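Here's the structure we're looking at; comments come further down.
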Amino acid sequence: MNPSRVAIAIATSALAVSLYAAWGGHKEQNTVTATHVAPQEEDMLLALEEKVRRLELQLGALTLSDNNSNNQSAASFKAAVLAVIAQKEQLEQDKYQSQDPLFAYRNKLSDDFYWRIKTDPEYALQFFEEAKQKVINDSLSAAERIAAYEQLEMTAFTVNSLDDTRYDYETVNAILTIANTESDSKIRLMALEKAANSSIVDSRLSERFFDMAQSEQNDYMRSIATSGLVSQYYQSQYQSEPSTQRIAQHIMTLYDQTNDPKIKRFIDSELGGEEALNQVRDQAENGVKIHQATQ
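With the sequence shown counted from 1, adding 84 to any position gets you our numbering.
Next comes the structure, spelled out in structure tokens:
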């Protein structure tokens, strides 16, 4: 059947159902007073009847029209449908991009991106450099910078090497700065979570996590900053970082000097128990590392 006739037949059926729902439903609910339909309802029913009549006439005209006319109608119908589908897809993409910056970033990557990133060193190096420049470029929106950071981080692990990937202190610090300065709480939280989960260990990052754990007003943000500090501590244990004792001192300062019981619970939760807490205390006071204390 010609697509135009199908469309009009469907529309006619839909209007007929609407007509029945409006009229029949009214009669079922008001069997005693069915003959006393309100004027506005009567007008609506008449309008629906007229629409059905016009569509039926149009359907009949299409049936009698020649093949050329049918082809033109079919082409118009197809174009209209494709336009609606394209508009719907664009609206969905706009929605996803506004909700998930990483979706927008990935959507711009070439189809062969992951294949080339693994097989073409020059292409990989160019990508990492461009991604890093986006992360540290404060003229871009915070969402764009976070998306670039996440893609850089994910791709660095995809190629199974953090060397020469531009995933470094400067990129993590840029994201942590967003967490400190952005006004949008959702963006701040997203940035802080990314930075706290970073595998980059640096005493400057530890200092910033320590400061945020002390000054941040939001409890959840403080917990994430504390988590970032503890993560820096544990990673530094296995990277021979000279800052390990300093990080341990920050953790114990938060634990011992705070009047907020939530901070203590945050640290207890992150460390996992009293034994781990005592190990951190030994590290803070004596420079005793975990693996030394447990031998």
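Heads up, the beta-carbon is just placed ideally off N, CA and C, and yes, glycines get one too. All values derive from a computational prediction rather than experimental measurement.
{"query": "Classification of Phe241 by the beta-carbon crowding that lies within 10 angstroms, buried from 16 upward", "result": "exposed"}
{"query": "Three-way DSSP call (helix, strand, coil) for Glu173 in this model", "result": "helix"}
{"query": "Buried/exposed call for Ala297, threshold 16 Cβ in 10 Å", "result": "buried"}
{"query": "Cutoff 8 Å; reference Ile347; Cβ partners in own chain excluding five residues on either side", "result": "Ala297, Arg306, Thr310, Leu338, Tyr339"}
{"query": "Lys192 burial status per 10 Å Cβ neighbour count (16 or more: buried)", "result": "exposed"}
{"query": "Proximity winner among Leu361, Ser327, Glu300, Ala163, relative to Ser381 (alpha-carbon distances)", "result": "The structure shown does not extend to residue 381, since the chain spans only 85 to 379, so no value can be given for it."}
{"query": "Range of the contiguous alpha helix (DSSP H) that encloses Tyr207", "result": "205 to 220"}
{"query": "Three-way DSSP call (helix, strand, coil) for Thr337 in this model", "result": "helix"}
{"query": "Residues of its chain near Glu237, where Cβ-Cβ distance is below 7 Å and the 5 sequence neighbours each way are ignored", "result": "Tyr251"}
{"query": "Coil, strand or helix - Gly312 by DSSP", "result": "helix"}
{"query": "Closest Cα partner of Glu369 within the set Leu209, Arg330, Ser160, Ala275", "result": "Arg330"}
{"query": "Boundaries of the alpha helix (DSSP H) in which Leu361 is found, first to last residue", "result": "358 to 370"}
{"query": "Per-residue burial, Arg349 [other beta carbons within 10 Å of its own, 16 or more giving buried]", "result": "exposed"}
{"query": "Proximity of Val256 and Ala280 at Cβ, strictly below 7 Å", "result": "no"}
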